[in-house]
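Here is the structure we will look at, set down as structure tokens.
There are 2 protein chains.
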Amino acid sequence: MLQNGSKRITSIKEIAKLAGYSIATVSNTLNDKGRIRPEVRQHILDICQKHGYIPNSAGRNLRRQKNETIGLMFYPSSSAIFRNVYYAEIMEALEFELERAGYDLLLSGHDSSIEPNVSPRFLRQGKVDGIILLGRFPRKRVVDLNDYGIPLIQLDGFRELLKVDYVTSDGYSASEQIVDHLVKLKHRRIAFVAYNHEDTNANQREAGFLAAVGKHHLSFAECKNIRDIGNTTEAYEMIKLMLESETPPTAIVAVNDTLAVELVDLLQKDGYSVPQDVSVFGFNDDADSKKSNPQISTVRIDKIKLAQTGAKMIIDRIESPDLPHQKASLPTELIHRDSVAIAKS
Amino acid sequence: MLQNGSKRITSIKEIAKLAGYSIATVSNTLNDKGRIRPEVRQHILDICQKHGYIPNSAGRNLRRQKNETIGLMFYPSSSAIFRNVYYAEIMEALEFELERAGYDLLLSGHDSSIEPNVSPRFLRQGKVDGIILLGRFPRKRVVDLNDYGIPLIQLDGFRELLKVDYVTSDGYSASEQIVDHLVKLKHRRIAFVAYNHEDTNANQREAGFLAAVGKHHLSFAECKNIRDIGNTTEAYEMIKLMLESETPPTAIVAVNDTLAVELVDLLQKDGYSVPQDVSVFGFNDDADSKKSNPQISTVRIDKIKLAQTGAKMIIDRIESPDLPHQKASLPTELIHRDSVAIAKS
DNA sequence: CTGAAAGCGCTTACAG
DNA sequence: CTGAAAGCGCTTACAG
Chain R
161 MLQNGSKRIT SIKEIAKLAG YSIATVSNTL NDKGRIRPEV RQHILDICQK
211 HGYIPNSAGR NLRRQKNETI GLMFYPSSSA IFRNVYYAEI MEALEFELER
261 AGYDLLLSGH DSSIEPNVSP RFLRQGKVDG IILLGRFPRK RVVDLNDYGI
311 PLIQLDGFRE LLKVDYVTSD GYSASEQIVD HLVKLKHRRI AFVAYNHEDT
361 NANQREAGFL AAVGKHHLSF AECKNIRDIG NTTEAYEMIK LMLESETPPT
411 AIVAVNDTLA VELVDLLQKD GYSVPQDVSV FGFNDDADSK KSNPQISTVR
461 IDKIKLAQTG AKMIIDRIES PDLPHQKASL PTELIHRDSV AIAKS
Chain C
161 MLQNGSKRIT SIKEIAKLAG YSIATVSNTL NDKGRIRPEV RQHILDICQK
211 HGYIPNSAGR NLRRQKNETI GLMFYPSSSA IFRNVYYAEI MEALEFELER
261 AGYDLLLSGH DSSIEPNVSP RFLRQGKVDG IILLGRFPRK RVVDLNDYGI
311 PLIQLDGFRE LLKVDYVTSD GYSASEQIVD HLVKLKHRRI AFVAYNHEDT
361 NANQREAGFL AAVGKHHLSF AECKNIRDIG NTTEAYEMIK LMLESETPPT
411 AIVAVNDTLA VELVDLLQKD GYSVPQDVSV FGFNDDADSK KSNPQISTVR
461 IDKIKLAQTG AKMIIDRIES PDLPHQKASL PTELIHRDSV AIAKS
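Protein chains in written order, with my numbering: chain R, 161 to 505; chain C, 161 to 505.
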């Protein structure tokens with residue numbers, strides 16, 4: 161804490177002069193390096209304290225050739241993270257892990273939907289040692305950013321054929337397990353719903369769904385796969401059409417809990433009962449899924465593990481740029497709640 | 161974009177050598193400074209592009225004596241921002257403004273509830289030019305951080321008697337207006353509910369409420385002021401006691417929309433109708449308040465203005481550390497929705 | 001219009 | 001256990 165009156169000292173040189181030791185000794189003291197006599201150490205620390213000395217990070221970074229900073233990108237803009245409950249836990253665990261490893265997290269106001277071909281300034285200015293791409297990203301964007309040559313990973317998203325580390329969850333198996341479960345509950349007409357975003361996680365969930373439909377010899381004509389909707393209202397319009405058809409679905413698998421919760425809400429407003437009329441399964445185990453009435457059956461993703469793995473990956477990549485690429489797909493767990501019941505006969 | 165095969169060039173010196181010009185000319189080209197012949201400029205730019213040159217920010221920062229980075233703190237930890245819908249819009253506008261001004265936003269995994277006396281590492285390491293304290297902070301924390309002497313502002317929070325710039329919303333007047341409105345609707349028994357956090361915004365809202373109760377000659381005995389609850393369940397227990405008393409409140413003013421929405425939910429589960437049995441007013445105009453059923457009457461805060469003002473304040477403070485302290489309290493607007501009706505007679 | 005040179009504050013390998 | 005010195009990559013005032 162800076163004492164009243166004294167002017168802040170901003171360089172190690174002045175501290176050294178005041179303390180009567182060399183800048184090397186001050187530096188070593190501050191970084192707990194080398195062998196310093198305890199009383200010298202304390203003397204130097206006192207002086208630093210007294211004059212509110214904060215080391216200049218640029219000097220340190222320049223010399224050490226690293227920033228100890230990792231850039232975080234989210235598509236289309238980092239501010240969108242704040243609108244998404246799902247990422248709260250991931251961000252929490254991510255910050256914790258990076259903090260432990262000595263890294264801070266840099267956000268940028270860059271908006272990819274406005275400037276799709278411009279990279280965020282913190283990249284162009286070399287302020288970060290590496291980048292985490294959180295969530296879904298268009299392929300081109302991942303390619304372009306990766307071409308920069310800066311360490312980069314995808315967290316909760318992936319591009320199988322690119323040379324990019326990633327960690328995501330195994331949505332394929334999760335979808336399979338959901339369908340297995342629904343089939344056990346006598347469901348034969350199951351619909352899958354996801355947004356028309358370019359989203360490899362959604363693709364995986366869809367693929368697992370389709371594979372399971374095939375495996376159980378369900379009718380593909382009766383198990384609709386809705387992937388061309390831009391918002392929940394559009395999704396619901398499609399579902400309503402299906403529900404009013406000759407062969408209505410008895411269960412709906414939504415690509416995430418937000419969609420599931422909103423669909424349940426719309427269904428109820430329209431007079432349908434969940435799960436009596438139709439069962440609904442979600443994904444992600446968001447806070448919302450538990451607040452909903454009925455509580456939504458969903459897929460739990462170990463978000464802490466996801467973040468820990470991602471943190472380790474980006475740090476490994478920064479420290480060893482030539483490491484073989486790491487790809488991880490974490491197992492998931494079905495959470496059974498009240499939005500799923502035996503199929504209406 | 162780095163071309164295949166060529167090794168990335170990491171210093172302006174090598175670029176200069178390759179281009180056949182001095183580092184001064186390369187630097188000026190990259191920063192659009194001085195007068196460079198257009199063909200020289202293009203030549204240098206081409207070389208940079210070809211070799212994927214990214215300037216070293218530490219070199220630049222060291223020379224220019226600034227980081228172009230602002231630290232963001234949230235209490236008790238920055239990851240908690242992600243749990244709070246209210247801050248989504250503020251963060252969005254804040255990032256936009258800071259980006260425009262050339263600053264990035266640095267987050268830290270620091271957790272004040274675990275280490276209340278330790279400042280975040282980005283501060284100790286001198287990585288930021290200034291700090292934004294977003295939302296409520298304990299007085300001691302503000303004092304300690306401010307004593308560091310680094311430029312600092314409070315955004316959506318304040319400490320009147322400290323020498324700290326701030327911008328917040330005028331919750332005092334908002335509460336007054338709410339009570340004015342409720343009184344017009346014949347309410348005479350109104351309760352105010354807020355958490356027992358150390359939160360100056362909540363204090364202002366409470367003070368405005370109490371002042372208005374006095375102004376309208378309502379009974380302080382019948383207009384309860386609940387400030388000692390730690391969570392919504394506790395709040396509801398108090399409210400239920402009141403509702404079952406001889407003089408039940410006909411309206412409740414909740415310190416924010418999250419609390420309002422949760423209270424409405426609990427009231428309904430207990431068989432009360434909102435607003436028929438009791439009216440509920442919230443604060444902040446969060447997304448939640450509109451999704452609730454009934455939609456919650458609330459107080460709109462111009463979050464974009466809030467963020468813009470905050471961004472300007474911290475930048476002003478960084479550029480002119482000796483500026484007189486700026487204090488702003490933005491006007492608010494009552495939003496009338498369906499959770500408020502004429503008092504039950 | 002272009003360049004030579006100083007110097008920002010730090011860490012570290014090395015000498016003693 | 002301590003210090004002198006080099007050098008990280010950049011911007012800028014100045015000279016020409």
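Ideal Cβ positions, reconstructed from N, Cα and C, are used throughout, including at glycine.
is_contact[residue i, chain C] using C-beta, thresh 8 Å
i: Ile-214(R); result: yes
i: Arg-243(R); result: yes
i: His-211(R); result: no
i: Glu-252(R); result: yes
i: Gln-202(R); result: no
i: Asp-264(R); result: yes
i: Lys-472(R); result: no
i: Ser-268(R); result: yes
i: Tyr-396(R); result: no
i: Phe-234(R); result: no
i: Arg-284(R); result: yes
i: Arg-281(R); result: yes
i: Glu-168(R); result: It should be noted that the sequence gives Arg, not Glu, for residue 168(R). Yes, Arg-168(R) counts as interfacial toward chain C.
i: Lys-346(R); result: no
Top-ranked residue by Cα proximity to residue i, from the options
i: Ile-389(R); options: Leu-370(R), Val-324(R) and Val-415(R); result: Val-415(R)
i: Ala-420(C); options: Leu-403(C), Gly-431(C), Pro-454(C) and Met-402(C); result: Pro-454(C)
i: Leu-267(R); options: Phe-234(R), Tyr-246(R) and Glu-493(R); result: Phe-234(R)
i: Ala-248(C); options: Ala-248(R), Pro-491(R), Ile-214(R) and Ser-239(R); result: Ser-239(R)
i: Val-500(C); options: Lys-344(C), Thr-170(C), Ser-333(C) and Gly-309(C); result: Lys-344(C)
i: Leu-423(R); options: Ser-452(R), Ala-503(R) and Ser-379(R); result: Ser-452(R)
i: Ser-379(R); options: Asp-359(R), Pro-409(R) and Val-434(R); result: Pro-409(R)
i: Leu-258(C); options: Asp-425(R), Ala-503(R) and Arg-281(R); result: Arg-281(R)
i: Val-245(R); options: Lys-429(R), Asp-430(R) and Asp-417(R); result: Asp-417(R)
i: Gly-368(C); options: Ala-447(C), Gly-331(C), Asp-192(C) and Glu-358(C); result: Gly-331(C)
i: Leu-232(C); options: Ile-250(C), Asn-191(C) and Ala-218(C); result: Ile-250(C)
Sub-8 Å separation of residue i and residue j beta-carbons
i: His-496(C); j: Ser-457(C); result: yes
i: Arg-349(C); j: Thr-393(C); result: no
i: Arg-296(R); j: Gly-317(R); result: yes
i: Val-353(C); j: Ala-395(C); result: yes
i: Leu-312(R); j: Leu-294(R); result: no
i: Ser-272(R); j: Pro-236(R); result: yes
i: Ala-351(C); j: Ile-399(C); result: yes
i: Ile-292(C); j: Ile-230(C); result: yes
Within-8 Å CB hit, residue i to chain R
i: Ala-218(C); result: yes
i: Gly-442(C); result: no
i: Ser-239(C); result: yes
i: Ala-248(C); result: yes
i: Glu-382(C); result: no
i: Glu-426(C); result: Per the sequence presented here, residue 426(C) reads as Leu, with Glu not at that position. It does not; no Cβ of chain R falls within 8 Å.
i: His-485(C); result: no
i: Phe-297(C); result: no
i: Glu-275(C); result: no
i: Gly-165(C); result: Bear in mind that the predicted position of Gly-165(C) carries a pLDDT of just 48, short of 50, making it too unreliable to give a figure here.
i: Asn-227(C); result: yes
i: Glu-174(C); result: no
Neighbourhood of residue i by C-beta, 8 Å cutoff - its chain only, sequence neighbours within 5 removed
i: Asn-356(R); result: Arg-387, Asp-388, Ile-389 and Gly-390
i: Leu-178(R); result: Ile-169, Ile-207 and His-211
Beta-carbon contacts of residue i that lie in its chain and below 7 Å, excluding the five residues immediately before and after
i: Ile-183(C); result: Ile-172, Lys-173 and Ala-176
i: Glu-255(C); result: Leu-265
i: His-341(R); result: Leu-494
i: Ser-187(R); result: Ile-172
Own chain partners of residue i with C-beta closer than 6 Å, once the 5 adjacent residues on each side are dropped
i: Ala-189(C); result: A small fix is needed here, since residue 189(C) is Thr in this sequence, not Ala. Cβ neighbours of Thr-189(C) beyond the five flanking positions: Ile-196, Arg-201 and Ile-204.
i: Ser-329(C); result: Ile-461, Leu-490 and Thr-492
i: Asn-164(R); result: Any reading at Asn-164(R) needs caution, since the residue's pLDDT is 48, under 50, leaving its predicted position unreliable; the model's value is listed next. Correct list: empty, nothing qualifies.
i: Gly-180(R); result: none
i: Lys-504(C); result: Thr-410
Exercise. Report yes or no: do the region 434-441 of chain C and the region 461-479 of chain C share at least 3 C-beta pairs separated by less than 8 Å?
Key: no
Quiz item: Should the region 320-328 of chain C be regarded as contacting the region 481-489 of chain C, the criterion being three or more beta carbon pairs within less than 8 Å?
Solution: yes
Exercise. Give a yes or no on contact between the region 279-292 of chain C and the region 203-217 of chain R, applying the rule of three or more CB pairs nearer than 8 Å.
Key: yes
Quiz item: Using 8 Å as the threshold, is the region 460-473 of chain R in touch with the region 359-373 of chain R, meaning 3 or more CB pairs across them?
Solution: no
Exercise. Could you tell me whether the region 327-339 of chain R touches the region 358-368 of chain R, where touching means 3 or more Cβ pairs closer than 8 Å?
Key: yes
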